[in-house]
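Residue numbers (our numbering): 272 to 595. Glycine is no exception: its CB is placed at the ideal position from the N, C-alpha and C atoms. Keep in mind it's a predicted model, so treat the numbers as computed, not measured. Encoded as structure tokens, the structure appears first; notes follow it.
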């Protein structure tokens, strides 16, 4: 379930230049298919979170899988860049259900510290997907055109729906259900947004996520466009950064045996500021070119992984009754 977003984002990245040629679009228009997807992910989470508290964890995921699969088919059949952009937005509205509800399911079953450790395991899935997805996309392009990538994503949506329908038990508690039914979703969000501690976690998570998604959206143009790297080499570089994310998640799990999630979060955010500042200086000055920028980018992304699970676990601990 947590692989919906990275699979949908990363698998088609090597095909961006092919989409430009096939649909007669500009690079900026094709990059808009990614920006629109991220917008859909952000919007959809508001609905699935409250719905999973009210109606249970399984139903929102199944609905999301259905929307995602239909949208993936529309993407594969698109003959116009505007149709592809719209379909990507719809695809995100469906795909975001998995990530939202998966985190709520973890909180249903574990306390604050254990939630941070389990979320680090989920981040492994999100780390493996960026390694495998661009490579899979590049392999698909060796035998078919870019449309086949979206047919594969449609099949992925069907497989997840079947797994949820037949293998995933309901984990939402009656206390959570009663709380959700006693208030409308806007009241629930308002009750959350007046908690300063939660706002702190949300801001940390948002700024941390901005690092990752800025990298994802800009990396094709930077690495393939400016540095002249081919699609397969780009996939390997993308995968290398994903390996760093996976390694950092394993380090995070070990650190949580000794330190609290908040302590790890403070240390990782400090390191992220340092590496990010060095990356900014290297990018502006051009010193060392790719040999300086790419290693600093790798280090910055590893701090993202150290922060991600801990910000999410902290936010979920603020009000477990509204975990969705």
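Look at the alpha carbon of residue i and the alpha carbon of residue j, and state the distance between them as a whole number of angstroms.
{"i": "residue 504", "j": "residue 409", "result": "10 Å"}
{"i": "residue 425", "j": "residue 339", "result": "7 Å"}
{"i": "residue 357", "j": "residue 307", "result": "8 Å"}
{"i": "residue 493", "j": "residue 555", "result": "14 Å"}
{"i": "residue 363", "j": "residue 276", "result": "8 Å"}
{"i": "residue 560", "j": "residue 553", "result": "8 Å"}
{"i": "residue 378", "j": "residue 502", "result": "39 Å"}
{"i": "residue 243", "j": "residue 573", "result": "Outside the modelled stretch of the chain, which goes from 272 to 595, sits residue 243, for which no answer is possible."}
{"i": "residue 376", "j": "residue 272", "result": "11 Å"}
{"i": "residue 443", "j": "residue 369", "result": "15 Å"}
{"i": "residue 480", "j": "residue 490", "result": "15 Å"}
{"i": "residue 525", "j": "residue 558", "result": "35 Å"}
{"i": "residue 381", "j": "residue 497", "result": "45 Å"}
{"i": "residue 588", "j": "residue 400", "result": "27 Å"}
{"i": "residue 565", "j": "residue 486", "result": "11 Å"}
{"i": "residue 341", "j": "residue 562", "result": "42 Å"}
{"i": "residue 359", "j": "residue 541", "result": "35 Å"}
{"i": "residue 484", "j": "residue 326", "result": "31 Å"}
In its own chain, which residues sit with a C-beta less than 7 Å from the C-beta of residue i, not counting the 5 before and 5 after it?
{"i": "residue 571", "result": "482, 543, 546, 547, 550"}
{"i": "residue 567", "result": "546, 549, 550, 553"}
Cutting at 6 Å between CB atoms, please list the residues of its own chain near residue i, excluding the five before and the five after it.
{"i": "residue 406", "result": "506"}
{"i": "residue 352", "result": "294, 296, 300"}
Check for me: the alpha helix (DSSP H) holding residue i runs from which residue to which?
{"i": "residue 371", "result": "352-380"}
{"i": "residue 582", "result": "561-589"}
{"i": "residue 489", "result": "467-490"}
{"i": "residue 321", "result": "298-326"}
{"i": "residue 340", "result": "329-348"}
{"i": "residue 507", "result": "502-526"}
Applying the criterion that 16 or more other CB atoms from any shown protein chain within 10 Å of the CB defines a buried residue, is residue i buried or exposed?
{"i": "residue 437", "result": "exposed"}
{"i": "residue 474", "result": "exposed"}
{"i": "residue 512", "result": "buried"}
{"i": "residue 461", "result": "exposed"}
{"i": "residue 427", "result": "buried"}
{"i": "residue 529", "result": "exposed"}
{"i": "residue 583", "result": "buried"}
{"i": "residue 440", "result": "exposed"}
{"i": "residue 477", "result": "exposed"}
Kindly list the residues whose CB is nearer than 8 Å to the CB of residue i, restricted to its own chain and excluding five residues on each side of it in sequence; keep chain order.
{"i": "residue 470", "result": "464"}
{"i": "residue 344", "result": "421, 422, 425"}
{"i": "residue 392", "result": "520, 524"}
{"i": "residue 355", "result": "290, 294, 304, 346, 349"}
Would you say the segment 409-424 touches the segment 314-333, given that touching needs at least three Cβ pairs under 8 Å?
no
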